Amino acid sequence: MLSITCAGFGGQGVLTAGLLLAHVSMESGKEITWVPSYGSEMRGGTASCRLRIGDEPILNPYFSTIDALIGMNQDSVDTFQDAIAPGGLLIANSSMVQGGAFRDDIRVIELPATEIAGELKNPRGANLVMLGAVIGATGMVDSNEFADGIDAYFYKKGRNNPLNRECFMRGVLAAASA
């Protein structure tokens, strides 16, 4: 079972990233829980979500130790880094997180997700780049299956954008080369 936290500020797509992770994992047969947390601000306030994903029924959605952290900004990494289990994973958006101050007992993947999404002409896709990195690093779900799930999720919402898949796959490739 994996305990994952996605964290950033409102408007970065943190909750959407968590929902996608939950939705696609569930569609692939995994058991999931998703617990969002956010401030009252529409944009700019803190936002995070905590997920548990596994093959067995999940009896408790809460956890104190994180297996993987998706940190979209500096405050999120500062807040949650100490909760990552030794040997756990930190994926840091180096566009907004200063490098060098990471624990040495965790695996760290730094990638400029905001810049990558901008290069792909999908500035709101940084969260998908980060999702690609977590899927690529953990292998919890097949990356092509996950990309198909992203397409289906946004298609149902009437917001399908082929660039979403490209952002995700760039994250997968970044994790593979890290």
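In this note's numbering, the protein residues as written are 468 to 645.
Where is the CB? At the ideal position from N, CA and C, for every residue including glycine.
Because the structure is a prediction, the values reported are computed rather than measured.
_Quick check: what's the CA-CA separation for D534 versus I576?_
Against the sequence shown, residue 534 aligns to sequence position 67. Against the sequence shown, residue 576 aligns to sequence position 109. The straight-line gap from Cα to Cα measures roughly 14 Å.
*For Y529, I'd like the list of residues in its chain whose CB is within less than 8 Å of its CB, leaving aside the five on either flank, ordered along the chain.*
Working through the sequence shown from its first residue, we reach residue 529 at position 62. Hits under 8 Å: V502 and R517.
*Is the Cβ-Cβ distance between A484 and I537 less than 9 Å?*
One-based indexing of the sequence shown puts residue 484 at position 17. One-based indexing of the sequence shown puts residue 537 at position 70. Contact flag set, yes.
*asked:* If contacts are defined as beta-carbon pairs under 8 Å, then A642 and G599 qualify, I think. What distance do you get, rounded to the angstrom?
replied: What you label residue 642 is simply residue 175 of the sequence shown in a count that begins at 1. What you label residue 599 is simply residue 132 of the sequence shown in a count that begins at 1. That belief holds up - the Cβ atoms of A642 and G599 are roughly 7 Å apart, short of 8 Å.
*Using only alpha-carbon positions, find the residue among S492, L557 and G521 that is nearest to R570.*
Mapped onto the sequence shown, residue 570 falls at position 103. Comparing Cα-Cα distances from R570 to each of S492, L557 and G521, the minimum goes to L557.
*What whole-angstrom Cβ distance do G592 and C634 have, given they're in contact under 8 Å?*
Numbered from 1 along the sequence shown, position 125 holds the residue referred to as residue 592. Numbered from 1 along the sequence shown, position 167 holds the residue referred to as residue 634. That belief holds up - the Cβ atoms of G592 and C634 are roughly 3 Å apart, short of 8 Å.
*What three-state label does DSSP hand D542 in the structure shown?*
As a first step, residue 542 is located in the sequence shown; it is residue number 75 there, counting from the start. D542 falls in the helix class under three-state DSSP.
*Buried or exposed for M468, please, with buried defined as at least 16 other CB atoms from any protein chain shown within 10 angstroms of its CB.*
Position 1 of the sequence shown, counting from 1, holds the residue named residue 468. Exposed, since its Cβ has fewer than 16 Cβ neighbours within 10 Å.
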